[in-house]
Amino acid sequence: MARPCTSKTTNSPSMGQDYKAGQICEQMHARQGDSPQFATSVLSGLVKSGLSEVALQVLGRMSSDLLEVNSVHCNVGILACQQSSQWQLALGIVLDMPGKGISCGVDTYNSAIASCVGNSGWQLSVSLL
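Under this note's numbering, think of the first position of the sequence shown as 12, with each following residue one higher.
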């Protein structure tokens with residue numbers, strides 16, 4: 012299973028998406044400063060624009076590029092997983108969060124469970140309850 016919040020977040024990213032994610036992370040690093048809100052806006056904008064795969068790539072590169080990753084960023088990543096039918100990755104994000112010192116809230120669990128609904132992962136999502 013691919014692990015989120017690392018340099019590879021999807022099973023088969025295209026070179027174009029990986030390149031875009033790298034460029035986006037460079038811009039975020041230059042503009043973010045001490046505030047994670049810019050990264051949240053970028054990730055949310057990518058998901059809303061239908062670029063869930065790119066959003067997941069950006070999320071994955073953020074920690075390797077020394078950008079702060081918080082629960083809101085992970086929740087947006089889980090939403091991207093839901094939109095791109097990658098329920099396994101959504102569950103992986105949830106499982107990775109505590110090891111990175113990121114707490115999982117009700118919204119995190121609800122989003123992860125929702126990503127499993129309608130897919131074969133619904134039985135695994137029950138273990139999150």
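The beta-carbon is built from N, C-alpha and C at its ideal position, and this holds for glycine as well.
Close-in-space but distant-in-sequence residues of the same chain around residue i (CB under 7 Å, 5 per side omitted)
i    : result
L90  : V58 and S122
R72  : S18, A32, G33 and C36
V117 : none
Inter-residue spacing [alpha-carbon to alpha-carbon] between residue i and residue j
i    : j    : result
S75  : V69  : 10 Å
C115 : G88  : 13 Å
Q38  : S60  : 18 Å
D107 : A101 : 10 Å
L54  : V128 : 23 Å
I113 : G56  : 22 Å
A125 : C92  : 10 Å
R14  : Q97  : Because the pLDDT of R14 is 33, which lies under 50, any placement of that residue in the model is unreliable, and the number read from its coordinates should be weighed accordingly. If you take the alpha carbons of R14 and Q97, they lie about 12 Å apart.
K111 : R42  : 23 Å
Beta-carbon gap between residue i and residue j smaller than 8 Å
i   : j    : result
A50 : L67  : no
V65 : A32  : yes
N86 : T119 : yes
Q94 : S63  : yes
Extent of the continuous alpha helix (DSSP H) to which residue i belongs
i    : result
L57  : Q48 to K59
D118 : V117 to C127
Three-state secondary structure assigned by DSSP to residue i
i    : result
N86  : helix
M39  : helix
S96  : coil
K31  : helix
S75  : helix
S63  : helix
V105 : helix
G110 : helix
Same chain, Cβ closer than 8 Å to residue i, five either side skipped, listed in chain order
i    : result
P109 : C115
Contacts around residue i, its chain only, beta-carbon distance under 6 Å, and the 5 residues preceding and following it disregarded
i    : result
P47  : E79 and N81
I104 : P15, C85, G88 and I89
S52  : none
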